[in-house]
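Structure first, commentary second.
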Amino acid sequence: MNNTKNYKIAVIGGDGTGPEVVREGLKVLEVVSEKYGFDCELIDYDFGGDRYLKTGEILPDSAIKELRGFNSIYLGAIGHPEVKPGILEKGILLRIRFELDQYINLRPVTLYDQKYCPLNLREGQKVDFKVVRENTEGLYCGAGGFLRKNTSEEVAVQESVNTYKGVERCVRYAFEYARKDGKQKKVTLCGKTNVLTYAFGLWERVFDLVSKDYPDIKTDYAHVDATCMWMVKNPEWFDVIVTDNMFGDIITDLGAMIQGGMGIAAGGNINPEGVSMFEPIGGSAPKYTGQGIINPLAAICALSMLLSQLGEADAAKAVEDSVIRVVREKLNSLGAGRMGYSTSQVGDLVVKNIL
Ligand code: IPM
Ligand code: MN
Numbered sequence: 045m046n047n048t049k050n051y052k053i054a055v056i057g058g059d060g061t062g063p064e065v066v067r068e069g070l071k072v073l074e075v076v077s078e079k080y081g082f083d084c085e086l087i088d089y090d091f092g093g094d095r096y097l098k099t100g101e102i103l104p105d106s107a108i109k110e111l112r113g114f115n116s117i118y119l120g121a122i123g124h125p126e127v128k129p130g131i132l133e134k135g136i137l138l139r140i141r142f143e144l145d146q147y148i149n150l151r152p153v154t155l156y157d158q159k160y161c162p163l164n165l166r167e168g169q170k171v172d173f174k175v176v177r178e179n180t181e182g183l184y185c186g187a188g189g190f191l192r193k194n195t196s197e198e199v200a201v202q203e204s205v206n207t208y209k210g211v212e213r214c215v216r217y218a219f220e221y222a223r224k225d226g227k228q229k230k231v232t233l234c235g236k237t238n239v240l241t242y243a244f245g246l247w248e249r250v251f252d253l254v255s256k257d258y259p260d261i262k263t264d265y266a267h268v269d270a271t272c273m274w275m276v277k278n279p280e281w282f283d284v285i286v287t288d289n290m291f292g293d294i295i296t297d298l299g300a301m302i303q304g305g306m307g308i309a310a311g312g313n314i315n316p317e318g319v320s321m322f323e324p325i326g327g328s329a330p331k332y333t334g335q336g337i338i339n340p341l342a343a344i345c346a347l348s349m350l351l352s353q354l355g356e357a358d359a360a361k362a363v364e365d366s367v368i369r370v371v372r373e374k375l376n377s378l379g380a381g382r383m384g385y386s387t388s389q390v391g392d393l394v395v396k397n398i399l
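Just so you know, we're using our numbering here: the sequence shown kicks off at 45 and counts up by one.
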């Protein structure tokens, strides 16, 4: 009998540089799966701007059904310069997040080498925390609408939807994460309780309630604007930050910058009880498409997160350790076109440095 584990992974390269960075991730996957003794069956999907422009199809209902049958989803990027903003993002990325109920967006903010940090870090300061972003609610729900559209009397309303259940499961995930993997055993709620008293009133009450189940975990609170300030001034204060969808989106771009840029920032859209999807968070970067100069490390870090979610902890760590070696010993920049290597050469370096 063959007892080798076999994972079914859906691969969506997507738009722009997405397919290029995913290709490097898959190169790494092939090597680690061999080394750590598991098999992967990869199924490719061509959803994205090109397919939409050619066929008018964004994401067929059948695809959502199929995606539910995978162990994981590996995504490159969604966003096409010739398609009006919102169509692909909402029709593919957000639809998958919502329909597969990937209610956590886990975004590690870890600086692997000080030389990539735009901050002037002092002795003892470091950038090493996780953002747990709520991923199915808030301003992203699409609740709202226009009145008197296209007139000078127009009214546009976009509402933030926060449910007890949605907030509770997100906050609980953050506390569980801090208990299991937190370096400081601390969770910071990032909100705006001084203005958004309804939405973050709920968040604050739920946070306080859930925290009672975790007496071993320290708690902290920061308004979102102050969170941005502290991320620059004292990033070492943070361990696990939990926040809503919109704030999480914004602070993780800032997080990406202080960890060395979009070239290294990865995230996971996680349904702890279902199918998760992992992606570099930098977007499709269309201006770099096809030049072989985009940094694939964010996609490779996303692969490491994917492996970890599958339960292949050793393989996940081997990939991350290799990335760390490559950024410390080989590269001088994490920016597209400035790495000193091509996209595929960086992928090769990660493959070579897997021990
Ligand atoms: C991200 C992206 C998406 C988001 C866009 C592309 C819809 O910015 O994953 O952070 O806002 O969530
Ligand atoms: Mn974003």
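Glycine included, C-beta positions come from ideal geometry on N, C-alpha and C.
Asked	Found
Residues passing the C-beta test against the ligand MN heavy atoms, cut-off 7 Å	D293, T296, D297, I325
E133 Cβ short of 6 Å to the ligand IPM heavy atom set	yes
Residue interval of the alpha helix (DSSP H) (run including S352)	341-354
Those residues which DSSP pairs with K49 across a bridge	F82
Residue from I398, L347, D288 whose Cα sits closest to the Cα of V370	I398
Per DSSP, cross-strand counterpart(s) of L119	I56
Separation of V55 from T232, as counted between CA atoms	34 Å
Cβ distance (whole Å) where V153 is taken to contact I302 below 8 Å	7 Å
Beta-carbon proximity of N115 to K193, cut-off 7 Å	no
For G93, the three-state DSSP class (helix, strand or coil)	helix
Three CB pairs or more closer than 8 Å across the region 173-180 and the region 286-306	yes
Status (buried if at least 16 other CB within 10 Å, exposed otherwise) for Q202	exposed
Reduced DSSP category for E125 - H, G, I as helix; E, B as strand; rest coil	The displayed chain sequence assigns Pro, not Glu, to residue 125. In this structure, P125 counts as coil in the three-state DSSP scheme.
Buried/exposed call for T180, threshold 16 Cβ in 10 Å	buried
Nearest candidate by alpha-carbon position, reference L137, set D59, K159, Q353, D83	D59
Contact belief for I325 with C234 at Cβ below 8 Å, rounded distance in angstroms	Not really, about 17 Å apart at Cβ, beyond 8 Å.
Where T400 falls, given that 16 or more other Cβ within 10 Å makes a residue buried	Residue 400 is absent from the model: the chain starts at 45 and stops at 399.
Check whether K236 and K262 have beta carbons under 7 Å apart	no
Limits of the unbroken alpha helix (DSSP H) element including I37	Since the displayed the chain opens at 45 and closes at 399, residue 37 lies outside it and no answer follows.
Contact under 7 Å by Cβ, Q228 with D283	yes
Cross-strand partners of L233 (DSSP beta bridge)	Y265, V286
Straight-line Cα distance separating A310 from A360	13 Å
Beta-carbon gap between G307 and L378 smaller than 7 Å	yes
contact_flag[the region 102-122, the region 61-74] where n(CB pairs < 8 Å) is 3 or more	yes
Environment of A266 [buried if 16+ CB atoms lie within 10 Å]	buried
Opposing strand residues paired with R177 [DSSP bridges]	N149, T287
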